[in-house]
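First residue of the sequence shown? That's 0 in numbering that gives the first Met the number 0, and the numbers climb one at a time after it.
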Amino acid sequence: MQSNPNQRESGFSLVELVLVVTLMGIMTAFAVPQLIGQRRLLRTAAIPREMMTQLRNARQLAMSERESFTFQYNNITKQILIIDNNASGAAVLNSPNYPTNPGSKVVATSSLAVGGLSSTEINYGIPTGVPNAALDDSVSRTNLTNGKVNITFQPDGSIVDANGNPLDRALFIYNSQLPKETAVAISIVGSAGRVKLWRYDMATNKYVE
Numbered sequence: 000m001q002s003n004p005n006q007r008e009s010g011f012s013l014v015e016l017v018l019v020v021t022l023m024g025i026m027t028a029f030a031v032p033q034l035i036g037q038r039r040l041l042r043t044a045a046i047p048r049e050m051m052t053q054l055r056n057a058r059q060l061a062m063s064e065r066e067s068f069t070f071q072y073n074n075i076t077k078q079i080l081i082i083d084n085n086a087s088g089a090a091v092l093n094s095p096n097y098p099t100n101p102g103s104k105v106v107a108t109s110s111l112a113v114g115g116l117s118s119t120e121i122n123y124g125i126p127t128g129v130p131n132a133a134l135d136d137s138v139s140r141t142n143l144t145n146g147k148v149n150i151t152f153q154p155d156g157s158i159v160d161a162n163g164n165p166l167d168r169a170l171f172i173y174n175s176q177l178p179k180e181t182a183v184a185i186s187i188v189g190s191a192g193r194v195k196l197w198r199y200d201m202a203t204n205k206y207v208e
């Protein structure tokens, strides 16, 4: 029986196959960067949560143990240490070895570079183009000292300086790959030891609670 010349043969032609592969390549080229960006956002979001958890942990320990506990962020190792100072007040803050004064010990260690997040992406500070102003609770960024920030909670949950005056603190963190999208701040009001999270809002060009 003679075949129908109008009947289309089954299967794909080489041109059709090349077209499909090309379209898939184009779609992948657009989709992969977006997926990588979303994954980076999710991983970076865990950083302020961990910092807040450890800050509150240090404060709770200070109040329950009735002695100073220090939250230390190390920007070189991207680690957090919780240090039991085994003392309180001026005895800790005026020690030449502060915050690791005699008798102190590290009771908890936490790394921020986890879940595939590179330590080189984690930056302390405020991204370029973001206002370097105090937060709405009037707390300004705490500068690093030898690559570290020490926040020492007293037995009443407060943060004070060596003279007993309330000392406010604020930590600013962002991911260098998505600086404005991941810019966050954590403020601690010294008089009460209250911990608050702030996220940079590009629409208003400021950190909002």
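All C-beta atoms, glycine included, are put in the ideal place defined by N, C-alpha and C. Bear in mind the structure is a predicted one, so any value in this text is a computation, not a measurement.
8 Å contact criterion, which residue i and residue j should meet: CB distance rounded
i, j, result
"A161", "A89", "6 Å"
"S157", "G192", "5 Å"
"T144", "R168", "Rounded, the Cβ-Cβ distance is 12 Å, inconsistent with contact."
"A86", "E66", "6 Å"
"V230", "P47", "In the structure as shown, the chain starts at 0 and stops at 208, and residue 230 therefore has no counterpart that could be examined."
Secondary structure of residue i, DSSP reduced to three states
i, result
"R198", "strand"
"T203", "coil"
"V31", "Confidence at V31 is low in this model, with a pLDDT of 48, below 50, so the placement of that residue should be treated as unreliable; the coordinate-derived value is given next. Looking at V31 - three-state DSSP - the assignment turns out to be helix."
"L16", "helix"
"S110", "strand"
"R193", "strand"
"V188", "strand"
"E208", "coil"
"P126", "coil"
"N131", "coil"
Beta-carbon gap between residue i and residue j smaller than 8 Å
i, j, result
"L134", "Y72", "no"
"S175", "N131", "no"
"W197", "S190", "no"
"P98", "N149", "yes"
"K205", "P126", "no"
"V106", "I81", "yes"
"V194", "D200", "no"
"K77", "L111", "yes"
"G124", "I75", "no"
Delimiting residues of the alpha helix (DSSP H) encompassing residue i
i, result
"A89", "89–92"
"T181", "178–181"
Opening and closing residue of the beta strand (DSSP E) in which residue i lies
i, result
"T69", "68–73"
"T99", "Looking at the DSSP string, T99 is not in any beta strand (DSSP E), and its letter there is neither H nor E."
"L80", "78–83"
"R65", "No beta strand (DSSP E) holds R65; DSSP gives it neither H nor E."
"A169", "168–174"
"T151", "147–152"
"I121", "121–123"
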